[in-house]
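Structure first, then comments.
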DNA sequence: TTTTGAGTTGTTCGA
DNA sequence: GTCGAACAACTCAAA
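Residue numbers (this note's numbering): 1201 to 1652.
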């Protein structure tokens, strides 16, 4: 077997097990592991996600015996230069289906080909590659449920073992320093493949059994907490899917993974939907963007709306770089339907603070709430922040944890302190808007565009 | 080809 | 207090 030097360009696949591109590279010969600090990514990701990435790269580097090579700059320049330096004919990578990643990879591939080299893409961050689940006529699905049925029927390959790779990297191959962890006040989960697997094992043997009901409860640890690991490929969904059975809770968890795949598929077919309404008719929907809108947006960002559940969620986001899924919907509905602000404002704030921030899931989750997306929620589905609070945080445990001003408020007063006979607690604030009025205003605005 | 029923996550109102 | 209806429009799959 010929032994040709090769390179593996890591992106959102920071693991060694079940890594098709790594297996392909290992089959070629000695592998130079590369991570590129791309100024475009660095300018977009907020400090929490960069901090998580930094720890993830350190863990990956350690798992490779300190071989990781880091280069800084435009990948179209940096990757071919590294390939030439190590004499790699091929540069291996996992395919990226996001709009920017797809463009970037085309220009990197062109630059490599100009130098008689190739970018070889294997695998993807998904169980099924975006674009591969289609209707019989080849067109993409616009509704989740039929997509998910076909997606399940297509299935996924069994995970690959970690190969015996001959690394050829640092210090033999020069490298920039591994990125330092940017300062952030957020308390983040530990990163890395080993930690990710431990988190999965803990979930699988614990909260998974009650997932179907507990996943909606922000006051208990009912969710998997795996989203940051999936975001950076420290885990691959295929690894989880192969271990999941058919119990009610396991099926519900598989469905959550299917949503991740569906939204990646939608973004693949409609790249502009990352930041624009998928449903163009909704462009006519009036939203507020003036200086008072900015002020309301900042109140929402700080978690000072006066609605305890909304404020708890916004503060959890700042403190942890993460927010419970149901609360993401509650705060999103509040921004869109109580404050009448563009969903893109909220989506951008989420992307700046979420460790698991992923364009496909984030944008389409927001579009679902805003009623502008594929398979959108009916426009009249407007969350009542108090009803959601009493239903999903019945004892106020989540609110008291994240809104210290309310930590000592007794009983049900915690859900709507302004209704308390004892008055609004010191340090807290009255609701910034009247939900009943803003709900009516929202319905009025949707009425302007509906049926067109 | 046409028709029909179903579709993640809700709320309010009136009987 | 509980419960069913109403709140659109459109996509998709199955009949």
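Even glycine gets a Cβ: it sits at the ideal position worked out from N, Cα and C.
Query, Result
"Does the stretch 1537-1556 touch the stretch 1323-1337, meaning 3 or more C-beta pairs lie closer than 8 Å?", "no"
"Are the stretch 1612-1620 and the stretch 1592-1602 in contact at 8 Å, needing three or more beta carbon pairs?", "yes"
"Answer yes or no: do residue 1363 and residue 1226 have a C-beta to C-beta separation smaller than 7 Å?", "yes"
"Within 10 angstroms of the Cβ of residue 1374, are there 16 or more other Cβ atoms? Answer buried if so, exposed if not.", "exposed"
"According to DSSP, what are the bridge partners of residue 1293?", "1321"
"Work out the CA separation of residue 1507 and residue 1565 for me, nearest whole Å.", "22 Å"
"Can you have a look at residue 1492 and say buried or exposed, based on whether 16 or more other CB atoms are within 10 angstroms of its CB?", "exposed"
"Excluding the 5 residues flanking residue 1630 on each side, which residues of the same chain have their C-beta closer than 8 Å to its C-beta?", "1506, 1618, 1624"
"Taking the alpha-carbon positions, what's the residue 1369 to residue 1270 distance?", "10 Å"
"Please report the residue range of the beta strand (DSSP E) in which residue 1235 lies.", "1231-1237"
"In the DSSP assignment, what are the bridge partners of residue 1580?", "None, per the DSSP bridge assignment."
"Report the residue from 1357, 1333, 1358, 1339 whose alpha carbon sits nearest the alpha carbon of residue 1347.", "1333"
"For the stretch 1207-1292, list the alpha helix (DSSP H) runs that are entirely contained and at least 4 residues long, ordered along the chain.", "1220-1228, 1239-1244, 1247-1263, 1275-1286"
"Give the range of the alpha helix (DSSP H) segment to which residue 1450 is assigned.", "1448-1469"
"Note down the Cα distance separating residue 1312 from residue 1280, rounded to an integer number of angstroms.", "5 Å"
"Determine, using beta-carbon pairs with one atom in the stretch 1476-1488 and one in the stretch 1567-1578, whether at least three such pairs fall under 8 Å.", "yes"
"Where DSSP assigns a beta bridge to residue 1367, which residues make up the other side?", "1231"
"Helix or strand or just coil, what does DSSP make of residue 1346?", "helix"
"Alpha carbon to alpha carbon, how far is residue 1378 from residue 1242? Give it in angstroms, no decimals.", "14 Å"
"Using C-beta distances below 6 Å, list every residue in its chain close to residue 1598, excluding the 5 sequence neighbours before and after it, in chain order.", "1418, 1419, 1512"
"Between which residues of its own chain and residue 1344 is the CB-CB distance below 6 Å, once the five residues before and five after are set aside?", "1462, 1575"
"Using only the alpha-carbon positions, how far apart do residue 1258 and residue 1219 sit?", "18 Å"
"Along the chain, where does the alpha helix (DSSP H) that runs through residue 1199 open and close?", "Residue 1199 falls outside the range modelled here, since the chain spans only 1201 to 1652, and no answer is possible."
"Enumerate in chain order the residues of its own chain whose CB-to-CB distance from residue 1458 is below 8 Å, with the five nearest sequence positions on each side excluded.", "1344, 1347, 1348, 1351, 1352"
"Assign residue 1304 to buried or exposed, taking buried as 16 or more other Cβ atoms, counted over all protein chains shown, within 10 Å of its Cβ.", "buried"
"Could you give the uninterrupted runs of the alpha helix (DSSP H) lying entirely in the stretch 1379-1455, keeping only those of 4 residues or more?", "1393-1404, 1411-1414, 1427-1431, 1437-1441"
"Near residue 1501, what residues of its chain come up, given a Cβ to Cβ distance below 8 Å and the 5 sequence neighbours on each side ignored?", "1514, 1549"
"How is residue 1186 classed by DSSP in three states: helix, strand or coil?", "The shown model of the chain, from 1201 to 1652, leaves out residue 1186, and the question about it has no answer."
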